[in-house]
Structures are given as C-alpha cells and as structure tokens.
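Residue numbers for the sequence shown follow our numbering, so the first one is 6 and each next one is one higher.
Just so it is clear, CB atoms sit at the ideal spot from N, CA and C, and this is done for glycine as well.
Quick caveat: nothing in here was measured; it's all calculated off a predicted structure.
Heads up, the thing below is written out as structure tokens.
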Amino acid sequence: MKCIYCGCIESKVIDSRSAEDGTTIRRRRECVNCGKRFTTYETIETTQILVVKTNGTRQAFDVSKIKSGIIKACEKRPVPMSKIDEIIEGIQKSVYNSMEQEISSKRIGEMVMEKLLEVDEVAYVRFASVYRQFKDVSTFMKELEKLTTSTDKK
6 MKCIYCGCIE SKVIDSRSAE DGTTIRRRRE CVNCGKRFTT YETIETTQIL VVKTNGTRQA
66 FDVSKIKSGI IKACEKRPVP MSKIDEIIEG IQKSVYNSME QEISSKRIGE MVMEKLLEVD
126 EVAYVRFASV YRQFKDVSTF MKELEKLTTS TDKK
C-alpha cells in the first residue's frame, strides 16, 4: 500500500479490525520509510448486476426494492422480520451466485413468490397480485385455484 505522505510502497499493518457493517476491514498501517501512520479500508468488490425489466430497460440490482415488496406483502401477517431478512438474503445470494451480469425481473419475482409460498400463503397471493398484475377477478381466482391444488398435494 502506497504511503500517502512520502509515496513509499512498503508499509506494515499495525492493527486490523472489522468495520461496523462486517463487510469492510479497517487497517492501520505504518510506512516503513517515514514512519507515519495511515488508515486503509478493504472491501469485497462486487460486479454490477443489471435487472432487465419486462419493457427491456435495465437498471442496477437493488435489494432494497425486493425488501420493500416483501414487507408490503407480509404486512399485518405473522411473518417475523428475521424470516423476511432470511428470504432476502437467500434471493441476493442466488442472484450473485448465478455469476450472470444481467437477470430478468421476472426471474427475481418468481424467486420471491417461491419463497413467500413457503412462508405465508396470504403474503404470496398479495405479492402475486401485484407482480402478475391481475386484471380481473377471474385471473385472481385462477391463481388461488393453483395455490389450493398445490397445497392439497402436500
């Protein structure tokens, strides 16, 4: 690491500790040449993932949008926040582990619905009604029929 005072490339690490968020390491360094100390931060470099919307536009993957949608679907339901965080973490891992630079919003929506179905059927229906944009009662009823037949098979 290059010293900010004298430009020497050699320094030694005096102290390392994890930053508050747990994704960054803070290091105190001392320059071998001039002896002055400085701080560096080490973080994980993630690749930018783009979400391809249904209309063909692209935007940066934003996990807070997923969280917002799930929280709305689970509103006034007996779903603890820890379970919501677990769902979000699982989806985020799946997206990053896919090693793709682009992912369709449809695929993300299907992942969310799959997880919500396991947790709370009402939250699933709420999310599906917005995600699938039910135009009328008959499409809503078809989704409910699929849900009841899938739960009857369990």
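Near residue i, which residues of its chain fall below 6 angstroms by C-beta distance, leaving aside the five closest residues on each side in sequence?
i	result
residue 19	33, 35
residue 39	10, 11
residue 143	none
residue 58	110
residue 22	31
Are residue i and residue j closer than 8 angstroms when you measure CB to CB?
i	j	result
residue 15	residue 30	no
residue 75	residue 92	yes
residue 132	residue 121	yes
residue 124	residue 151	no
residue 136	residue 118	yes
residue 17	residue 37	yes
For my contact list, residue i and residue j are in at a C-beta cut-off of 8 angstroms; report their separation, rounded to the angstrom.
i	j	result
residue 71	residue 106	Their Cβ separation, rounded to whole angstroms, is 18 angstroms, which puts residue 71 and residue 106 out of contact at 8 angstroms.
residue 130	residue 82	Not quite, the Cβ-Cβ distance comes to about 11 angstroms (not below 8 angstroms), so this is no contact.
residue 116	residue 99	6 angstroms
Taking 7 angstroms as the line, does the beta carbon of residue i fall inside it for any heavy atom of the ligand MN?
i	result
residue 132	You won't find the ligand MN in this model; it holds no ligand whatsoever.
Around the C-beta of residue i, are 16 or more other C-beta atoms found within 10 angstroms, so that it is buried, or is it exposed?
i	result
residue 78	buried
residue 56	buried
residue 68	exposed
Could you pull out every residue in the same chain whose Cβ sits closer than 8 angstroms to the Cβ of residue i, ignoring the five residues on either side in sequence?
i	result
residue 94	none
residue 63	55, 56, 57, 107
residue 44	31, 32, 33, 34
residue 51	101
Determine whether the Cβ of residue i lies closer than 8 angstroms to any Cβ atom of chain D.
i	result
residue 36	Here chain D cannot be found, since the structure has a single protein chain.
Problem - Ordered list of beta strand (DSSP E) runs contained in the stretch 28-52, each at least 3 residues - result: For the stretch 28-52, whole beta strand (DSSP E) runs of length 3 or above, ordered along the chain, are 29-36, 42-48.
Practice task
Return the chain-ordered ranges of every beta strand (DSSP E) run that is complete within the stretch 43-126 and spans a minimum of 3 residues.
Solution key: 55-57, 63-65, 107-109
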